[in-house]
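*Asks:*
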Amino acid sequence: TTVEVLAAPSKPVLQVSRDTEGRVTLSCYTQGCKPQPQITWLLDNGIQLPGDTRHKLEADGKKWTTTSTLTVLAYGPNSTATCLVHHKALGGGKLTEPFQFEDVARTVANTTPVSTTLEVDTYVSEYVQPTVTTAESDLNSNTDFSPSYPQHNGSGATSVAAGELSGTSAH
Numbered sequence: 001t002t003v004e005v006l007a008a009p010s011k012p013v014l015q016v017s018r019d020t021e022g023r024v025t026l027s028c029y030t031q032g033c034k035p036q037p038q039i040t041w042l043l044d045n046g047i048q049l050p051g052d053t054r055h056k057l058e059a060d061g062k063k064w065t066t067t068s069t070l071t072v073l074a075y076g077p078n079s080t081a082t083c084l085v086h087h088k089a090l091g092g093g094k095l096t097e098p099f100q101f102e103d104v105a106r107t108v109a110n111t112t113p114v115s116t117t118l119e120v121d122t123y124v125s126e127y128v129q130p131t132v133t134t135a136e137s138d139l140n141s142n143t144d145f146s147p148s149y150p151q152h153n154g155s156g157a158t159s160v161a162a163g164e165l166s167g168t169s170a171h
């Protein structure tokens, strides 16, 4: 018989960031798990979503650090989102870390709630293998152009770089 050694996840840590377009990204991570945990997000309307989840093997080669991110496009002052960590070492229980969007104004500068309801980007990476497309650009026709950073020139034209192909459309 084989004995499976379980390692319970640590208490989840929630971090918040906001981009120039007003989107808020919630990031929730837990460490020291074996096997990999599942992280979901519970919204204030009762909907539970998987977020964009990444697993990384820790230095000991046995345990995992797992991070899930949720991109919020619009929110109201009373909106909440809770990070839920599910793992078999917890029995049927789960670890939770709630976030209230009224805290965004205190933790992230220049925030203006734009909605009374919570809208999230439901892009999920864990099960989807993204197809990478190479964008041809005549702005930089030299051969050593590396498509890794968005390149902008003074004419207002923008060449599409690899970083802009990850599911967000260039504006």
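The sequence shown lines up with residues 1 to 171 when you count with full-length UniProt numbering.
Quick reminder that beta carbons are idealized off the backbone N, C-alpha and C, glycines included.
Quick caveat, the model's predicted, so the values are computed rather than measured.
Can you tell me which of the three DSSP states Val118 falls into?
*Replies:* Here residue 118 corresponds to residue number 118 of the sequence shown, with the count starting at 1. Position check: residue 118 holds Leu in this sequence, whereas Val was assumed. Coil at Leu118, not helix or strand.
*Asks:* Lys94 bridges to which residues according to DSSP?
*Replies:* Residue 94 sits at position 94 when you count from the first residue of the sequence shown. Answer is His86.
*Asks:* DSSP beta-bridge partners for Ile39?
*Replies:* Locating residue 39 in the sequence shown gives position 39, counting from the first residue. Val85.
*Asks:* Alpha carbon to alpha carbon, how far is Gln31 from Glu102?
*Replies:* Locating residue 31 in the sequence shown gives position 31, where the first residue counts as 1. Locating residue 102 in the sequence shown gives position 102, where the first residue counts as 1. Using only the alpha carbons, I get a separation of about 27 Å.
*Asks:* Taking Thr16 and Val104 to be in contact with their CB atoms under 8 Å, please state how far apart those CB atoms are, rounded to whole angstroms.
*Replies:* The residue labelled residue 16 in the question sits at position 16 within the sequence shown. The residue labelled residue 104 in the question sits at position 104 within the sequence shown. A quick correction: the sequence has Val, not Thr, at residue 16. That pair is a contact at about 6 Å.
*Asks:* If I measure Cβ to Cβ from Asp19 and keep anything under 8 Å in the same chain, skipping five residues before and after, which residues do I get?
*Replies:* Here residue 19 refers to the residue found at position 19 when the sequence shown is read from its first residue. Thr25.
*Asks:* Less than 7 Å separating the beta-carbons of Tyr29 and Val13?
*Replies:* Taking the sequence shown and counting its residues from 1, the one referred to as residue 29 is at position 29. Taking the sequence shown and counting its residues from 1, the one referred to as residue 13 is at position 13. Taking 7 Å as the Cβ cut-off, Tyr29 and Val13 qualify as a contacting pair.
*Asks:* Looking at the structure shown, is Thr53 part of a helix, part of a strand, or coil, going by DSSP?
*Replies:* The count along the sequence shown starts at 1 and reaches residue 53 at position 53. Of the three classes helix, strand and coil, the one that applies to Thr53 here is strand, per DSSP.
*Asks:* For the segment 82 to 100 against the segment 57 to 65, are there 3 or more C-beta pairs whose distance is under 8 Å?
*Replies:* No: fewer than three Cβ pairs fall under 8 Å.
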